[in-house]
Each structure stands twice: as structure tokens, then as C-alpha cells.
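Reading through the C-alpha cells given below for one structure.
Numbering (UniProt numbering), first residue to last: 1 to 508.
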């Protein structure tokens, strides 16, 4: 009786494998001898373990690369070579492309969208280098997702992070090699996110739960609708509320019936030291709002609202951070106008320094908000309050120079855009604060308060020292309450000296 290795069936299987490898070489004549050896070795190992070709996948390749080799002419040392793993996966890709390996219908086939993505990158105005890099990252993600049999509905942030950290043996020539700790991860993640965002915007793949903040949990979707309908919140407030609620919703309980005082108190009190007082107050505000929503829906007990610990905020307990007027003028003068970034940043600084605007005021500015003839700006402000402000000459000149000379011509009418393709509007008001910090660092200023609000505090303090009263300052700052303006009384040292009582026992 013939042994299995010498049986006619085994001989026929060996002949089929040889024919397959020859076809592989015919279709890829530049293959090295090592690549052909890896293909033959993989086929022989799979036959010994009775794994049919149609069931080959990335997990089979991983098992092959880890097996204790007793495959005759092949050696265990070959399996430890990175190039051997790459060659094996490249052979698997060939089998998939020829239809010999079956891929389930729900597996993401993202490679077919690369051409459309390339067109989108070109239309967005990316440089050749960035275009090539983004397309390469997208191709890499598409190949990895197919090899890992990622479901088209399973593409989420966790999958992107897994892709970013994998040790690449994907069989893509430009992606060969082990990931070095601290390098490549950020670029992979950024490239995959951009590609996935494009696919969802074009509706080429389904919208996934984690792509939309309200879809982490159905409760957030309902909470979002309630905030819009019953509270009339702005889109920015809605975004901040949902971000905050998404941090702790799972800790609160699976359903409203599971909510309890201990969990509520833990959410507020067990926050890390890195959380600022304002962040803790935000937690309390959103948690109370969410509990009110569930109470209105009749889903939990009203008594739970009393379990939320108070976030104590002592009004007037701090002193506004300021920068001397002369130093502010130095900062503005240091902002050169040699590049588009500097021209944009100078316009932003002048709006902050001359009008004491909030970061949100500048972030929301649109081209239609400028009345050039009357030299006025329409500000959208807090709570959808639209107000007109005079536009000083130097700030207007800087704004005009930015709009006419360097602002990209794009479809959006938002004034301030990113200076690199695809020239999208600034994502949030926080980017204004980031611009201020970069200007200070770029010009070598150290030891100064940072953030965009410091200009608002500084100008208000200068007005007070110049003789303006608190009511006038409140109007200029667009405060709705005099109490909000009262904090600036603490920075007028000369005025405070006039009302201070002598220390007991002192002559003066």
C-alpha cells in the first residue's frame, strides 16, 4: 500500500501546486526565487494540514509562519525571515485576486475605491508628496483590511488603531518591515481615518456607530434630539455635551434602571488630577442635564438628581491673567507677513487685541459678516446673539490682506481656514488658542499667559486703568450681567489702594 506522500492523490495534488506556482511566476515574472519558495512551502504545509486553498486567510499564514517546520527541503530558519512572511502574504493576495481563495461577501473590499479617493485628493489641492503619502496609506489600509477579513460594517476606530499598530507583513512593497516603536503609527492612523472618512462621506461604506458621536449609545441619540428640541442648544454646545456624556455613559449603567447614587457620585468625584475645575463643572452640568432628560422620559427616579455632587464655583475667586499693553504690541509686531500662516495669524491677533473678541467669535466669522463700507463686523456670540462691532483700521487692513492675498478660494464662506490642503475651516474655537500659543513660541516669548482669552482680559484691564467704568467695559465685552464684568475691578491696583483700610497699628 502506498504511503500518503507517495499516493496518486498526493502526486496529483503536488502537480496542481506546481502548476499553480508556475502560473504565479508567469503572472509575476519579477518574483525572486525566495518568493516562489515561500509559495511552494505554504502550499505544502497547508496540504499536510488538510487546509483547502479556498480557506486560506491571514490566520492561516500566521499559523504557517509559527509552525515547527518538518517540511523536508524547507527549514525553520526561513520562517523567521521577515521577507518570507511578506512573500507568503503576497502569494495569498495573488490567490485572492484570481478567485482561488474565497472571501465572504461582507468583507471590506476597499481597493476598488482607491481611484475615486485619488481624484478627491487631487481636487482638494494636496501637494504631490502629500497626495502620494495619503494614497499609499489608504492602499495599505485597504490591503490590511482585506487580509484580516474586516467586515465592511466593522470598520471603526478600534480597527483603525489595530491597523496603526500592526507589525506589517502585508505584502505591499513600500510597506515592508517591522513597525518601529514611536514611528509610523501616527501616520497610519491619520491616513486610515482620512480614507474611512472619505468612504463614509461618499456613502461607499455604511456609516458606522463610532463614526457618529451620538451613535455610541442609542441614549445619546435621544439625548441629542431632546437637547435640540427642548433646550435649543447650539451645535457647538451639543457637540461638547455629547463628548462629555460619551466619556462616562457606560459607567452610569447599562439602562436607566441600573442608575444609582454611587455610580453618579463616582463619575464626578473619581476624576483624574489632570481634569481642571472647569472640566469637572462641565461633568456636573452635563450629568444633571442627562438625568433630567431620563427623568422627563420617566426612565429613572427624580431623587437621583440630588445625588450629583455640587461643583463649587466661587465667583471672583481668581484674578484675570493679563499681558501689559506694550508687550501685546511687541507680540503683534513680531508676527511677520512673509507666509500665508503669518498673514492669517496676524489678522487673528489683531481681532483679539483690538476688539477683545472671544475665540468662538473669530472661529465663527464668515465673509458675509464683514460690512466693509461701514467698517463693522457682525459677531454671532454666545446664545446666538448677533451683534455689530466696529472694525479698527489696522485689524481691518490685516483682515483684508488675508482675504485678498492668501485665503484659498474654496466653497465655504468661513473666513479663517487651515493653510494646508484641503483648506477646511478651523475645527473649533480651541484652534484659535492654539494659533496664539504657536505665535508666542515662534517669536520667542516666554513666561507669558497663553490662550486667546488673555487678550480679552488684557484689553478690559487696560480700559479700566484708562478710566472706563465697569458698565462701559461690560458693554464693550458684550456681557449680559454686570457681575461678569466685576472681576476686572480686582486688577485696578490704584483703585483698590484708594479703598483699602490701613493695617491696625500702622501709621499709614
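Glycine residues also receive a C-beta, built at the ideal position from the N, C-alpha and C atoms.
Your pair residue 376 and residue 389 checks out as a contact, with CB atoms roughly 7 Å apart and the cut at 8 Å. According to the DSSP assignment, residue 82 belongs to the alpha helix (DSSP H) that extends over 82-97. Annotated three-state conformation of residue 418 is coil, per DSSP. According to the DSSP assignment, residue 387 belongs to the beta strand (DSSP E) that extends over 387-390. If you draw a straight line from the Cα of residue 309 to the Cα of residue 252, it comes to about 15 Å.
Taking C-beta separations shorter than 8 Å and ignoring five residues to either side along the sequence, the partners of residue 191 in its chain run 133, 134, 136, 137, 138, 140, 141, following chain order. Its chain contains 379 as the residues whose beta carbon lies nearer than 6 Å to that of residue 361, once the 5 sequence neighbours on both sides are disregarded; these appear in chain order.
Look at residue 303 here: in three-state DSSP terms it is helix. The beta carbons of residue 412 and residue 422 sit about 11 Å from each other, so the pair does not count as a contact at 8 Å.
Between residue 226 and residue 293 a beta carbon distance of about 5 Å is seen, short of the 8 Å cut, so the two are scored as contacting. A Cβ-Cβ contact shorter than 8 Å links residue 363 with residue 432. The region 221-236 and the region 265-278 do not touch, with fewer than three beta-carbon pairs separated by less than 8 Å.
Annotated as proximal: residue 282 and residue 244, with beta-carbon spacing under 8 Å. With fewer than 16 other CB atoms across the displayed protein chains lying within 10 angstroms of its CB, residue 306 is exposed. Counting only runs that start and end inside the region 29-75, the alpha helix (DSSP H) elements of at least 4 residues fall at 33-48, 58-66. Straight-line measurement puts the Cα of residue 185 at about 27 Å from the Cα of residue 341. For residue 233, the three-state secondary structure derived from DSSP is coil. A Cβ-Cβ separation of about 6 Å places residue 198 in contact with residue 120 under the 8 Å criterion. Burial state of residue 61 is buried, judged by a 10 Å Cβ sphere holding 16 or more other Cβ atoms. The three-state reading of DSSP puts residue 103 in coil, since its state is none of H, G, I, E or B. Listed in chain order, the non-local C-beta contacts of residue 279 below 8 Å within the same chain comprise 271, local neighbours out to five positions each way being set aside.
Secondary structure at residue 310: coil, using DSSP grouped into helix, strand and coil. The C-beta of residue 396 has 16 or more other C-beta atoms within 10 Å across all chains shown, which makes the residue buried. For residue 371, the three-state secondary structure derived from DSSP is strand. Secondary structure at residue 425: strand, using DSSP grouped into helix, strand and coil. In this structure the region 149-167 does not touch the region 452-470; the number of beta carbon pairs closer than 8 Å is below three. About 6 Å separates the CB atoms of residue 200 and residue 207; that is less than 8 Å, so the two are in contact. Following the DSSP letters along the chain, one finds residue 400 inside the alpha helix (DSSP H) bounded by residues 393-401. Assigned with DSSP and collapsed to three states, residue 377 falls in strand.
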